[in-house]
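To keep things clear, I will list the structure first and then write my remarks on it.
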């Protein structure tokens, strides 16, 4: 029994009469590291799922017998990393043009066997929508994880790097959902992490990079923009200073010699106290391009985060708007970035709230490589205590129509490269893992981990399809019990939203920890995060009469957001300061909506906790009990949110609940 | 140049034509450790003040010459620790019945020389009002200080004890203001501090205790009530368990053999997560008396803190009242405590807010030894950034008439022993020192350090007299400049109160740090600290119609506090939930008072900062600049308080400022 679970790669026995599997490899070298992993996974998977022995046949060899005959075959017509899985009777074919595609196809095959969907006459072709499908770890080298809710880092301990069987299992999980890039350290690069690009760590990094390479994953590092100062002893890190550039050139030569498989660097500059080009009066493009030019000879990428804003704002200042910052800083530089630079843009203009509009930078930029950043670490969305399946949120984002051109203008079109023909683009998630036994704190939070990867690969999948896939592989349940979990997952985001911040306003969380309510917690702070509630109403006027943020969108969206009566109601308070007496489309007043949604949200949280109880005895006890405990904590949290928000607005507005429910005074 | 200042023992040269001093010691042994310190201080003091050599004469010897002839003489009619200082021409007499008194008299003499008040015909007799005059350090052994605002501990570093010249200077300062007891470790006894009562630390503790003894100071330790478990490996620390008692007996034998001068123990039990007798269904008296009986054979004290309350309260619960807790837990046990137990009671029922009523336990208990606890560490009163001279607050507390009997019923009467004839009683302060160069962060905060000691010794001194004494010894200024500082000090508490929490409500501080405003920061918390503001008014109803707290006082006070119209206005919101439209005695509405006081408080903070500027060139530059910097920070803080509180109540009430000043929306 290992110290960690196998998540959705449980490979529990399914009922099936196949008891042997013959595997032939055609067109790929059996010595290839990825093909080796593929074979090993086939053996492991079929052993578990079918209790079947796997015979690996020499190329051209034949061993057809009673069993299933699986051919892994090169087929150059399939796009890179894509695959086709097909079955005719006892013959199964996994075709791909490259090893990664073959590996992904293999995981697909095992998934189909697991779910009983590999019919006698089956064919499915899949090619990834996004070129880059990445995980961003916010792991620190002391073993802590910034915004981590699942224990400590499994990459680092006491400023040393760990590479062990868990690293390999991690890589297997990532490959099984199509992840092809992993940034292994926190974007806030400090202390020991600044030394990851020195020979202090090269040996261990190489070891880790090799494990990842076995599964087709490229390793990336977050970079400290001030490295020339901190490591090089220089006085500046000005990106236009020739000595600084020289320092980076020497450094990158050293790094890519030691770590040839490294994919490149992720950089958070000029943000929340991090150093950056602004210090020297340079633009974000100056900073990114300098690094991009330096890594270009090695064919590497610079992924540059757009999370730049004034984090020492004065709450008294109603003109400055944090939501505007990304667009204001980056829009004018569109087209200035070099080809191997990618701007990584958070899904919303603020910071991973339960509801935000889509960032106007996405599609606002048309001549720049773009990558979407989402967060499956549930920083503001329940911290893996509260259930919050985030795929519906991500679907809304990628399906969002930006109007950046006539067709192919959704976020999905942009990040996939379909809109503007980019090849360096894609999607990244701040990951939700740690060294907890179950990897993700709440067992059900693994649905976000699984779901992100699947969605990144295939953006046409629905939130429900993904949820069902995950449930089928994680537990062994009758259809009606599967439905229970799928429905819990699908409803969870709406429930969480209802008992927390109303109608897109966000931020009513406990400062620093970001868990639990504190309606005024960020109201008078320096972070640019305000709700502006007074005795008459609440919300931030971001229309053209307010901060003007709404006008950063293309006209079709701008005109919708700009007017209170046209604005989608779920974003009403993000865009407008609205009186409590304002009537929503269903006739309810805003204040009544606040009360109703909070009572409903809490009550529905209790309902899904009750749904979980129905699965007692059907889910393994350890998993059942872990999740049950999380629901108990979620209900406590939901009650706090309900009561604090309701009391806050009752005290402030003086307007009673029409239905006379208990609001504390 | 040492790494620390000499505070009020600067001994700067005064203008005076005495250039030699002859000292004779009569009735005391020159070998006594305290007398040795006394002689050393006389030499140091007169060298500095007069540039005079000091001749120590043998007993009965005579060396009368041009100089001042100082006789330190035993006089048994003076009460313990008291002294009489007198001068006739060139003959000065310091009389005392014990060495401590002689030492205190010596410091008095030097003070009078320093201030030019030792006239040719001078006589002053002083006997201490309080038997125990203590400092409580909240220093942790890792070198941090809980609620410390002046750097790190000068007692501990990396879990080791430091005894050096700074320890001796500290002891000198304490003796110079009459302190006779020091608790050297945080009341929250954890980690290494639990081992202070083991031989790991005895040698160093003895060394420190010896330095203190040289200055007549007894060392005390804070005790971990769970020591039998944590050190002894026992399963319980039940105070009635014979094995536990035996463990303590053995432990105390060991401790007092190694540290015979130790004065006893301070205990925080059953509070804020600390273990205590409640765990075993025992009373606070059971816990305190057990320890008291164990230390009795060594003639030691148990000082037992009364800071016991429910710190996991539900904000929805308006019946439970933290203010009631001390009285509720301790009043019924009055008379049950053994003679060598002292209950240490914070000045107010909450926790060192800028304004609270006096704790009803003080005088509520009539058959129990009582010690008043105040806090000169400015946790809630500006953290030694904002100027807040606390002696006026302490004066209000000790002058408070409790009505516990017909006469001698003030808090001063109770803690001095005058009211009920106790000898184990007195006053303690949570100290404001650290290893900063200037000891107290803000140079002016040393006035609280000095002032507490002086007040503890002589409760008849006025806040102004103490302020003036401190200024005279700390700086060398003309009378008009002295007046500037004295007035700054005397006004500072009122100013701080005006720009922070209105009318006794307290707690509108940033959670955890306790610096700066956060009106709702503690409003929905577990700490029992609420203001209950809604759109109509604010304040906590603690009358007989509310929590009933007001009724814990004797009838004369209870009836006053119980009625909104009779309640002292500075405590109005502590005792009553008051409409914003309520008219105060001067005709202003409550809401207008809130606006007015916040504008006035901030404006007056700027005024005293301006007053300090007038002293440029008259105060040593280093001290001047340090204080100037603090005032800049204070003004920033005062503006935040002003604007956040005004905006909060404007938003909530919707009532505009009558004077049309800027309130942010």
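Protein chains in written order, with the working numbering: chain A, 100 to 764; chain B, 100 to 764. Heads up, the beta-carbon is just placed ideally off N, CA and C, and yes, glycines get one too. Quantities reported herein were computed from a predicted structural model and do not represent experimental measurements.
Self-check item: Spatial neighbours of residue 536/B in its chain, beta-carbon cut-off 8 Å, leaving aside the 5 residues before and after
Solution: Same-chain partners within the cutoff: 102, 103 and 104.
Quiz item: Listed in chain order, which residues of the segment 547-559 of chain B have Cβ atoms closer than 8 Å to some Cβ of chain A?
Solution: Closer than 8 Å at the C-beta level to chain A, one finds no residue of the segment 547-559 of chain B.
Exercise. Using a Cβ-Cβ cut-off of less than 7 Å, give me the residues of the segment 747-762 of chain A that come near chain B, in sequence order.
Key: Taking 7 Å as the upper bound on Cβ-Cβ separation, chain B lies near residues 750, 751, 752 and 753 of the segment 747-762 of chain A.
Quiz item: Quick one: what does DSSP say residue 351/B is sitting in, helix, strand or coil?
Solution: Reduced to three states, the DSSP call for residue 351/B is helix.
Exercise. Within its chain, find whatever has a CB closer than 8 Å to the CB of residue 762/B; leave out the 5 residues flanking it on each side and keep chain order.
Key: Excluding five sequence positions before and after residue 762/B, the CB atoms of its chain that fall closer than 8 Å to its own CB belong to 694, 742, 745, 746, 749, 755 and 756, given in chain order.
Self-check item: Whether residue 383/B touches residue 374/B by CB criterion (8 Å)
Solution: Going by C-beta atoms, residue 383/B is not nearer than 8 Å to residue 374/B.
Quiz item: So which residues of chain A does residue 742/B contact, with C-beta pairs closer than 7 Å?
Solution: Neighbourhood of residue 742/B in chain A, by CB distance below 7 Å: 415, in chain order.
Quiz item: What residues are listed by DSSP as bridge partners for residue 182/A?
Solution: Residue pairing for residue 182/A: DSSP places it in a beta bridge opposite 225/A.
Quiz prompt | Beta-carbon contacts of residue 524/B that lie in its chain and below 8 Å, excluding the five residues immediately before and after | solution = Correct list, in chain order: 229, 230, 231, 441, 468, 469, 470, 513, 514, 515 and 516.
Practice problem: For residue 474/B, name the three-state secondary structure that DSSP assigns. | Solution: In the structure shown, residue 474/B sits in a strand (DSSP, three-state: E or B).
Quiz item: Rounded to a whole number of angstroms, what is the C-alpha to C-alpha distance between residue 724/B and residue 378/A?
Solution: Taking the straight line joining both Cα atoms gives about 29 Å.
Quiz item: Roughly how many angstroms separate the alpha carbons of residue 298/A and residue 291/B, rounded to a whole number?
Solution: Going by C-alpha positions, residue 298/A is about 38 Å away from residue 291/B.
Practice problem: Give the DSSP-derived three-state secondary structure of residue 554/A in the structure shown. | Solution: Residue 554/A falls in the helix class under three-state DSSP.
Practice problem: Would you give the residue range spanned by the beta strand (DSSP E) that residue 272/B belongs to? | Solution: Counting along the chain, residue 272/B falls outside any beta strand (DSSP E), though it belongs to the alpha helix (DSSP H) covering 264-275.
Quiz item: So, residue 614/A versus residue 547/A, is the Cβ gap smaller than 8 Å?
Solution: No, these two residues do not count as a Cβ contact at 8 Å.
Practice problem: Specify the secondary structure class of residue 632/A as computed by DSSP and reduced to three states. | Solution: It is coil, neither helix nor strand.
Quiz prompt | Beta-carbon neighbours of residue 619/A, restricted to chain B and to distances below 9 Å | solution = The contacting residues are 617, 618, 619, 620, 622 and 747.
Quiz prompt | C-alpha distance - residue 192/B paired with residue 364/B, whole-angstrom precision | solution = Our two residues, residue 192/B and residue 364/B, have alpha carbons roughly 37 Å apart in a direct line.
Quiz item: What number of angstroms, rounded off, separates the C-alpha of residue 170/B from the C-alpha of residue 270/B?
Solution: Rounded to the nearest angstrom, the two C-alpha atoms are 24 Å apart.
Exercise. Specify, as a first and last residue, the run of the beta strand (DSSP E) that residue 119/B falls within.
Key: Segment 119-125, the beta strand (DSSP E) holding residue 119/B.
Quiz item: So, helix, strand or coil for residue 204/A, using DSSP?
Solution: In this structure, DSSP gives residue 204/A a helical state, which the three-state scheme calls helix.
Practice problem: Please name the residue in 568/B, 369/B and 707/B whose C-alpha comes closest to that of residue 590/B. | Solution: Considering only alpha carbons, the answer is 707/B.
Quiz item: Any C-beta of chain A sitting closer than 8 Å to the C-beta of residue 633/B?
Solution: Residue 633/B counts as touching chain A.
Quiz item: How big is the Cα-Cα spacing for residue 502/A and residue 696/A?
Solution: Within the model, the alpha-carbon separation for residue 502/A versus residue 696/A is close to 32 Å.
Quiz item: By how many angstroms is the C-alpha of residue 247/A removed from the C-alpha of residue 568/B?
Solution: Taking the straight line joining both Cα atoms gives about 55 Å.
Quiz item: Along the chain, where does the alpha helix (DSSP H) that runs through residue 403/A open and close?
Solution: It is not in any alpha helix (DSSP H) - residue 403/A instead sits in the beta strand (DSSP E) that spans 400-404.
Self-check item: residue 173/A, enclosing alpha helix (DSSP H) - first and last residue
Solution: Judged by DSSP secondary structure, residue 173/A falls outside any alpha helix (DSSP H) and instead within the beta strand (DSSP E) spanning 167-173.
Quiz item: Is the number of C-beta pairs between the segment 472-488 of chain B and the segment 439-454 of chain B that are closer than 8 Å three or more?
Solution: With a cut-off of 8 Å, the segment 439-454 of chain B and the segment 472-488 of chain B count as touching, because enough Cβ pairs lie within range.
Quiz item: Taking all protein chains shown into account, do 16 or more other C-beta atoms lie within 10 angstroms of the C-beta of residue 219/B, making it buried, or fewer, making it exposed?
Solution: Its Cβ having fewer than 16 others within 10 Å, residue 219/B is exposed.
Quiz item: Between residue 279/A and residue 530/B, what straight-line distance do the alpha-carbon atoms span, to the nearest angstrom?
Solution: Between residue 279/A and residue 530/B, the C-alpha separation is close to 58 Å.
Exercise. Inspect the beta-carbon positions of residue 238/B and residue 285/B and report whether they are closer than 8 Å.
Key: Less than 8 Å separates the beta-carbon of residue 238/B from that of residue 285/B.
Quiz item: Alpha carbon to alpha carbon, how far is residue 581/B from residue 571/B?
Solution: Answer to the nearest angstrom: the Cα atoms are 7 Å apart.
Practice problem: Rank 722/A, 356/A, 432/A and 289/A by C-alpha distance to the C-alpha of residue 398/A and give the top, closest one. | Solution: Residue 356/A is the option with its Cα nearest to residue 398/A.
Quiz prompt | Rounded straight-line distance, which links the Cα of residue 563/A to that of residue 412/B | solution = For residue 412/B and residue 563/A, the distance between alpha carbons rounds to 42 Å.
Exercise. Answer with buried or exposed for residue 194/B, where buried requires no fewer than 16 other C-beta atoms within 10 angstroms of its C-beta.
Key: It counts as buried.
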